[in-house]
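Chains as they are written, first to last, in the numbering used here: chain X, 269 to 475; chain U, 88 to 396.
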């Protein structure tokens, strides 16, 4: 019982943490603190937070393994869904606030601007992951297919970082920091797999 | 009673917003050590009011609020974020200030700012400013037509271009400690562009001297070109016979050309230039050719502006 209420508390903290950036953004937006061009600032911040949540979701598995806390894994879905929510808001504000539903201009942007093409691709690829995040969907797909589908994130995350890198005018340091973090997170997986494969062959070797 | 007609009044007859905003601060400061501090404060920290004559080149569009003009800036010498210049530009010392004039002219030399400005009458020019990033403002500049300034140095027949340089002083311009762009920031104009009556060398805006984040003490304003052409905190003016290299051209030649005229038909490779968001407005506006300054069109007669972007 005690552990269950503790669990609820931990969940509440995670949820609050995930809601913090959007609350902070909304507060700044309505108090006029987003500067002279609030729409641009809002879109940029939502995108950056979407990317951050994607990276956090990718950090959970390595953390759970390194810290030997397998129960951390349960937060992957929460964080992943928040990542989708932030990216969805990022996308919606681009469509609705920046372009004001000018579909012709949006279509042209998607076709002609590689950074928009890439961002749009990443967004579309995120949709099936969000849709299949329910327990029922996991059951329906079966764990093998579900896991295979969700490996799409290994494509989506680099696309997201590339999208950010390509829109920057001159100072590429911020997107390069994200790229480094992503490389570490993906690199750990490669290293971990290689290690496991090696152990497997070693254990099969005759004594 | 003398009633002045509204058309006689310019922005300069009004107490500038930041000054009247400081009334209370001033009054409370009077009582205490504030007075002493106010007297010993470096001159550049406070903007001084400027008188200027109205100009027929001004637009009557609604002006962008002073707060937005002075807090939303691209001035990478002080950081790459829009609010960085307002936060980081306070340390820049703009006195003394000299401008080196060199190249193909009869009177090269290093001139004190006072001497550069002396004898010229200030004008107020309310211009549209269109940033290459797709936003725009309307700013009441105060300055001197660049042509008047340049003619004093007597460019020779060899002079075909004018090159400009921004101050390079990393100790006071923290953004210069990283090579985000190649420092010093450089810009340039063809001589006929520089001599065009719309081209202004600004020393103030909103009825007072420029704040550091807006390019104090001396900056260029070329209203029909994207904002980055309007180089800030100018310390060097050179008359050249070859087209000068510019900071953004060096940084990304396929994206930023020498001309960089506002042109809704020529997109930036990464975004459309067909429309813009006026700061303070929600709906986008159509971007106008030459930012609506059609009188410059003859400068580019016969040129393929897709090629010479």
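Beta carbons are placed, not taken as given, at the ideal position from N, Cα and C, and that holds for glycine.
Partner residues in a beta bridge of residue 263 of chain U, as assigned by DSSP, do not exist.
At a cut-off of 7 Å between beta-carbon atoms, residue 391 of chain X makes no contact with chain U. Residue pairing for residue 308 of chain U: DSSP places it in a beta bridge opposite U:287. The beta-carbon of residue 438 of chain X is placed less than 7 Å from the nearest beta-carbon of chain U.
For residue 367 of chain U, the secondary structure class from DSSP, reduced to helix, strand or coil, is coil.
Taking a cut-off of 8 Å for Cβ pairs, the region 232-240 of chain U and the region 201-216 of chain U touch, as three or more such pairs fall below it. Residue 195 of chain U sits away from residue 202 of chain U, with the two beta carbons spaced by 7 Å or more. Between the region 373-380 of chain X and the region 410-421 of chain X, the count of Cβ pairs shorter than 8 Å is below three; the stretches do not touch. Chain-ordered, the chain U residues with CB closer than 9 Å to the CB of residue 307 of chain X read 364 and 369. Leaving aside the five residues that flank residue 374 of chain U on each side, the residues in its chain whose CB is nearer than 7 Å to its CB run, in chain order, 217, 349, 351, 360, 361, 362 and 363. Three or more Cβ pairs closer than 8 Å define a contact, and the region 357-371 of chain X falls short of that threshold against the region 396-403 of chain X.
Beta-bridge partners of residue 253 of chain U (DSSP): U:321. Taking the CA atoms as reference points, residue 366 of chain X sits about 33 Å from residue 276 of chain U. Residues of the region 439-470 of chain X with a C-beta less than 7 Å from any C-beta of chain U: 439, listed in chain order.
With its beta carbon less than 7 Å from one in chain U, residue 383 of chain X belongs to the interface. In this structure, the CA atom of residue 262 of chain U is about 10 Å from the CA atom of residue 255 of chain U. Secondary structure in the region 358-388 of chain X: the alpha helix (DSSP H) runs of 4 residues or longer, each lying completely within the stretch, are 371-380 in chain order. Under the DSSP definition of a beta bridge, residue 348 of chain U partners with U:312. Its chain contains 319 and 320 as the residues whose beta carbon lies nearer than 6 Å to that of residue 302 of chain U, once the 5 sequence neighbours on both sides are disregarded; these appear in chain order. Contact annotation for residue 434 of chain X against chain U: 357 [CB-CB distance below 8 Å, chain order]. Exposed is the label assigned to residue 410 of chain X, since fewer than 16 other Cβ atoms lie within 10 Å of its Cβ. Residue 270 of chain U carries a coil assignment under DSSP once its states are collapsed to helix, strand and coil.
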